[in-house]
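Peer 1: Numbering (our numbering), first residue to last: 647 to 858. By construction, the Cβ of each residue, glycine as well, lies at the ideal position given by its N, Cα and C atoms.
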Amino acid sequence: MHISDGLLPAKVCLIGYAITGGLTWYSLRQINHRPTITEEIPKASLLTAAFFAASAIRFPVPPASVHFVFNGALGAVLDCYAFPAVLVGLFFQALVFGHGGLTTLGINAVIMGLPAILAARIFRVRQWVGHKSAWSTNLFAFLAGAFGIGLSALLFYGLVIMTIPADVDAALEQQVSYGLLVAHIPLVLLEGTFTALLVSFLTRMKPEVIPE
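1) Counting only runs of 3+ residues fully inside the region 661 to 707, write out the beta strand (DSSP E) ranges in chain order.
2) Looking at the structure shown, is V855 part of a helix, part of a strand, or coil, going by DSSP?
3) Taking 8 Å as the limit between beta carbons, can you name the residues of its chain near H713, skipping five residues before and five after?
4) Is it the case that the Cβ atoms of A719 and E854 are separated by a distance below 8 Å?
5) Below 8 Å on the Cβ atoms is my contact criterion, and I expect F793 with A765 to pass it. Report the Cβ-Cβ distance as a whole number of Å.
6) Select from L835, G804 and W774 the residue whose C-alpha is nearest the C-alpha of I795.
7) List the whole-angstrom C-beta distance separating A790 from G721, where the pair is believed to meet the contact cut-off of C-beta under 8 Å.
8) Within 10 Å of its beta-carbon, does I687 have 16 or more other beta-carbons around it, so buried, or fewer, so exposed?
9) Could you please give me the residues that DSSP links to V712 through a beta bridge?
10) Could you spell out the range, first to last residue, of the alpha helix (DSSP H) harbouring S782?
11) Which ranges would you report for the alpha helix (DSSP H) in the region 743 to 783 if only whole runs of at least 4 residues count?
12) Report the three-state DSSP secondary structure of G652 (helix, strand or coil).
13) Within 10 angstroms of its Cβ, does Q739 collect 16 or more other Cβ (buried), or is it exposed?
14) Express the C-alpha separation of A799 and H830 in angstroms, rounding to a whole number.
15) Please report the Cβ distance between F697 and F716, rounded to the nearest whole angstrom; I am assuming they are in contact, meaning their Cβ atoms lie under 8 Å.
16) Taking the alpha carbon of Y672 as the point to measure from, which residue in S650, D651, Y727 and L751 has its own alpha carbon closest?
17) Restricting to Cα atoms, I'd like to know which of I677, R772 and M758 is closest to V845.
18) Within the same chain, show all residues whose beta-carbon is closer than 7 Å to that of A731, passing over the 5 residues directly before and after it, in chain order.
19) If the criterion is Cβ atoms closer than 8 Å, does the pair A780 and F769 meet it?
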């Protein structure tokens with residue numbers, strides 16, 4: 647899911663940083679409007695650490711291996727804190743694990759952070775279909791979790807296909823990228839289920855951490 651240094655043209659990397667800058671500004675602006683900034687920082691820090699560690703958990707899904715992302719879960723639980731959490735997590739993943747890179751940090755943040763923002767919006771829809779209902783909360787938590795990783799996989803696939811270098815076998819690259827996309831289908835279901843279970847647990851044990 648991470649795009650490494652040297653795989654994308656410099657122009658694409660710069661565009662990625664520009665979009666990331668805009669999304670960071672938008673997220674911080676939303677955070678500044680919240681009345682409980684200090685109280686929410688520990689929750690954001692904890693889930694940022696979970697996002698950071700998730701990339702180290704890999705498992706084989708033929709014809710490739712995949713790892714958890716949890717960006718949909720971050721969107722559901724962190725709301726406007728989700729994009730900064732993804733950005734910080736990706737930065738340390740690049741430094742510690744070598745996943746991605748610093749030149750592609752912006753584009754990787756878009757690939758994983760933008761779906762997290764949209765997943766937060768999906769989770770908010772539950773307010774219009776029975777806010778107090780456990781089934782609606784769990785359903786939209788599942789949809790948010792599945793959507794986050796699903797859209798990230800599609801963005802990754804589309805970006806790789808559109809930026810294939812001229813000296814690379816395009817047909818082979820498309821075949822490999824398509825295989826990676828298919829390999830993420832089980833992960834969509836797993837992350838959706840995990841997000842639903844996480845939100846269900848937090849709703850019972852500490853409901854104040856679930857965004858309104």
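Peer 2: According to the data block:
1) As far as the region 661 to 707 is concerned, its whole beta strand (DSSP E) runs of at least 3 residues are 704 to 707.
2) Three-state result, V855: helix.
3) Contacts found: M647, A700, S701, A702, I703, R704 and F705.
4) Not closer than 8 Å, so no.
5) With 8 Å as the limit, F793 and A765 qualify as a contact, their Cβ atoms being about 5 Å apart.
6) For the residues L835, G804 and W774, the minimum Cα distance to I795 belongs to L835.
7) Contact flag correct, Cβ pair sits at about 6 Å.
8) I687 should be labelled exposed.
9) Paired residues: F705.
10) A780 to M808 is the extent of the alpha helix (DSSP H) around S782.
11) Runs of the alpha helix (DSSP H) inside the region 743 to 783: 751 to 770.
12) DSSP places G652 in coil when its eight states are reduced to three.
13) Burial of Q739 is indicated by the presence of at least 16 other C-beta atoms within 10 angstroms of its C-beta.
14) Whole-angstrom Cα-Cα distance: 7 Å.
15) That belief holds up - the Cβ atoms of F697 and F716 are roughly 5 Å apart, short of 8 Å.
16) Of the listed residues, the one whose Cα sits closest to Y672 is Y727.
17) The shortest Cα separation from V845 among I677, R772 and M758 belongs to R772.
18) Same-chain partners within the cutoff: A690, L693, T694, F697, L720 and L724.
19) Not closer than 8 Å, so no.
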